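Peer 1: Take this structure first; my questions come after.
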Amino acid sequence: KMSPPTIETDTDFQNGKSALSGREYGKAAECFSTALERFVEAYGQLATECGEVYYQYGMALLREVEQKDEANGPEIFGESVPKEIPTGRDPEASGSGAGPSSSGEAEDKSGDAPKAETKSSTENNDAAPETEEGKEEEEGEEEEEEEGEGEEEGEEEEEQKNGEAKAEGDQPAPEAGNDSLDKTGTDKGDASELTDDPLQLAWEVLDTARTIFEKSDNKKRLGDVLIMLGDVNLRNEMFDQAIEDYENCLALREQVLKPDDRLLMEVLHQHALALLYAPEAKDLAKARAYRVKAIASLRRAVAVCALRVANLQKSLEAAGRAEEEGGRSRGDVEEEI
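Just add 1167 to wherever you are in the sequence shown, counting from 1, and you've got the numbering used here.
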């Protein structure tokens, strides 16, 4: 019997970590996905042992999306960020120059027929009443034909719906005991959508990691998950949810990190970014309040950096002594500054 997997010994997990370090995010995601199936099978979907695998898998998916965005250009957000400068001109109207001329030609051609009929009616006045009666009869026949075609189309649509319902009914029902979740904890019914949208899959995976780390009271890793969830929501333009994620992350990191830790600067910067993008243009009061909070977050981020630099400069005095004792070298400290 094989022993249960661990993150230290699992080959796929370690390969994923190596690929992640080498910025091969697609490869990393595949490795973590394979490892996650094995961990979930061994421990259960929401087991503490699976938390780190979920986290690394979600991070790889998010980094892959970011890498593709960098390759495709600077566009990060969606429809809320203007892509073009409005000119007041309808692109469809300006781009379809043949439309009006073709419709004008159709009108001219259609106008020829009444002229011909008028000419023939003036040449033969006795036949005019018969012509009008013939027209009325032809119009009645055309209406009957249109009604018949409408009925045929309705019957075809109904038959098509019945055929689809029958096809769905012929599909085998799931076996008893099978739940709607696959081995990685994602919904089988939405598997195709998740596969097509790596950002949505990243959110699903990271949200599962959040649930696990909340139960295990791992505040540091929970903060890491929350900032990534905020990044996903920011890209999806769910700004208020992103702000909440960043604020929760900041509260946790302030509990477990030193005041000069650069991870505090990271979340403060992201928090300010979400605040600046969040308000709608029409809500000026909300925009003003968010802007004030964003400036406060950026000032705090600058303060963290300043404190970090000050502490590093102080450590330079003891760097030579620490280097002799096997600690950080003076060069390492200067590089960080």
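Using N, Cα and C, we set each Cβ at its ideal position, and we do this for glycine too.
All values reported here derive from a predicted model rather than from experimental measurement.
#1: In whole angstroms, give me the CA-to-CA distance for Thr1173 and Val1476.
#2: Helix, strand or coil, according to DSSP, for Met1395 in the structure here?
#3: Taking one C-beta from the segment 1363-1374 and one from the segment 1382-1389 each time, how about it: are there three or more such pairs within less than 8 Å?
#4: By alpha-carbon positions, which one of Cys1472, Ala1473 and Gly1498 ends up nearest to Glu1484?
#5: What do you reckon, is the C-beta of Phe1180 under 7 Å from a heavy atom of the ligand NAP?
#6: Here's the rule: buried if 16 or more other CB atoms are within 10 angstroms of the residue's CB, otherwise exposed. What is Ala1196?
#7: Between which two residues does the alpha helix (DSSP H) containing Ala1439 stretch?
#8: Once the 5 residues before and after Ala1418 are set aside, which same chain residues still bring their CB inside 8 Å of it?
#9: Determine whether the beta carbon atoms of Val1232 and Leu1366 lie at a separation below 8 Å.
#10: For the structure I just gave you, are there three or more beta carbon pairs, one from the segment 1422-1435 and one from the segment 1443-1458, closer than 8 Å?
#11: Going by CA-CA distance only, name the one from Thr1201, Ser1464 and Tyr1221 that's closest to Leu1442.
#12: Would you mind sorting Gln1212 into buried or exposed? The rule is 16 or more other CB atoms within 10 Å of its CB.
#13: Whose CA, out of Val1469, Thr1378, Arg1467 and Tyr1457, lies closest to the CA of Ala1214?
#14: For Tyr1224, collect the residues of the same chain with a Cβ closer than 7 Å to its Cβ; drop the 5 residues on either side in sequence, then sort them by chain order.
#15: Do Leu1393 and Asp1412 have their C-beta atoms within less than 8 Å of each other?
#16: Pro1426 by DSSP, collapsed to three states: which one?
#17: Can you tell me whether DSSP reads Ser1502 as helix, strand or coil?
#18: Are there 16 or more other CB atoms within 10 angstroms of the CB of Thr1189, so buried, or fewer, so exposed?
#19: Give the C-beta separation of Leu1435 and Arg1467 to the nearest angstrom, bearing in mind that I take them to be a contact with Cβ-Cβ under 8 Å.
#20: How far does the alpha helix (DSSP H) with Asn1182 in it reach, from first residue to last?
#21: Pick out whichever of His1438, Asp1427 and Leu1401 has its Cα sitting closest to the Cα of Asn1415.
#22: Under the rule that 16 or more other beta-carbon atoms within 10 Å means buried, what is Ile1462, buried or exposed?
#23: Comparing alpha-carbon positions, which option in Met1169, Glu1219 and Ala1209 lies nearest Glu1175?
#24: Taking Tyr1192 and Ala1227 to be in contact with their CB atoms under 8 Å, please state how far apart those CB atoms are, rounded to whole angstroms.
#25: Measure the alpha-carbon distance for Phe1209 versus Phe1406 and round it to whole angstroms.
#26: Quick check on Ala1456: buried or exposed, where buried means 16 or more other Cβ atoms within 10 Å of its Cβ?
#27: Buried or exposed for Ala1473, please, with buried defined as at least 16 other CB atoms from any protein chain shown within 10 angstroms of its CB.
#28: Ala1409 and Tyr1222: beta carbons closer than 8 Å?
#29: Starting from the C-beta of Leu1401, find all residues in its chain whose C-beta is less than 8 Å away, skip the five residues before and the five after it, and write them out in chain order.
#30: According to DSSP, simplified to helix, strand and coil, what is Ile1174?
#31: For Val1469, does the count of other Cβ atoms within 10 angstroms reach 16, so buried, or fall short, so exposed?
Peer 2: In terms of the structure at hand:
#1: Taking the straight line joining both Cα atoms gives about 38 Å.
#2: Met1395 carries a helical assignment under DSSP once its states are collapsed to helix, strand and coil.
#3: No: the two stretches stay apart, fewer than three of their Cβ pairs being nearer than 8 Å.
#4: Residue nearest to Glu1484 within the set Cys1472, Ala1473 and Gly1498 is Gly1498 (criterion: CA-CA distance).
#5: The ligand NAP is not part of the structure shown, which contains no ligands of any sort.
#6: Around the beta carbon of Ala1196, a 10 Å sphere encloses 16 or more other beta carbons of the protein chains shown; the residue is thus reported as buried.
#7: Arg1429 to Tyr1444 is the span of the alpha helix (DSSP H), which, as asked, contains Ala1439.
#8: Answer for Ala1418: no residue qualifies.
#9: Contact check for Val1232 against Leu1366 passes: the beta carbons are separated by less than 8 Å.
#10: No, they do not touch.
#11: If we check each option's Cα against that of Leu1442, Ser1464 comes out closest.
#12: Under this definition Gln1212 is a buried residue.
#13: Residue nearest to Ala1214 within the set Val1469, Thr1378, Arg1467 and Tyr1457 is Thr1378 (criterion: CA-CA distance).
#14: Hits under 7 Å: Ala1196, Phe1199, Ser1200, Leu1203 and Val1372.
#15: One thing to note: Leu1393 has its Cβ within 8 Å of the Cβ of Asp1412.
#16: In the displayed model, Pro1426 falls within coil according to three-state DSSP, outside both helix and strand.
#17: What sits at residue 1502 in the sequence shown is Glu, not Ser. DSSP places Glu1502 in the helix class (H, G or I) of the three-state scheme.
#18: Here residue 1189 is Gly; the residue named in the question, Thr, does not match the sequence. Counting Cβ neighbours within 10 Å, Gly1189 comes out exposed, since fewer than 16 surround it.
#19: Confirmed, Cβ separation roughly 5 Å.
#20: Run containing Asn1182: Thr1178 to Ser1188, per the alpha helix (DSSP H) assignment.
#21: Sorting His1438, Asp1427 and Leu1401 by C-alpha distance to the C-alpha of Asn1415 places His1438 at the top.
#22: By the beta-carbon neighbour count (other beta carbons within 10 angstroms, threshold 16), Ile1462 is exposed.
#23: Nearest to Glu1175 by C-alpha distance, out of Met1169, Glu1219 and Ala1209, is Glu1219.
#24: The Cβ separation is near 5 Å, so the contact holds.
#25: For the sequence presented, residue 1209 should be read as Ala rather than Phe. Distance between the alpha carbons of Ala1209 and Phe1406 is about 37 Å.
#26: Of the other Cβ atoms in all chains shown, fewer than 16 fall within 10 Å of the Cβ of Ala1456; this residue is therefore exposed.
#27: Around the beta carbon of Ala1473, a 10 Å sphere encloses fewer than 16 other beta carbons of the protein chains shown; the residue is thus reported as exposed.
#28: The beta carbons of Ala1409 and Tyr1222 sit no closer together than 8 Å.
#29: Taken in chain order, the residues that qualify are Phe1244, Ala1409, Gln1437, Leu1440, Ala1441 and Tyr1444.
#30: In the structure shown, Ile1174 sits in coil (DSSP, three-state: anything other than H, G, I, E or B).
#31: Taking a 10 Å sphere around the C-beta of Val1469, we find fewer than 16 other C-beta atoms and assign the residue as exposed.
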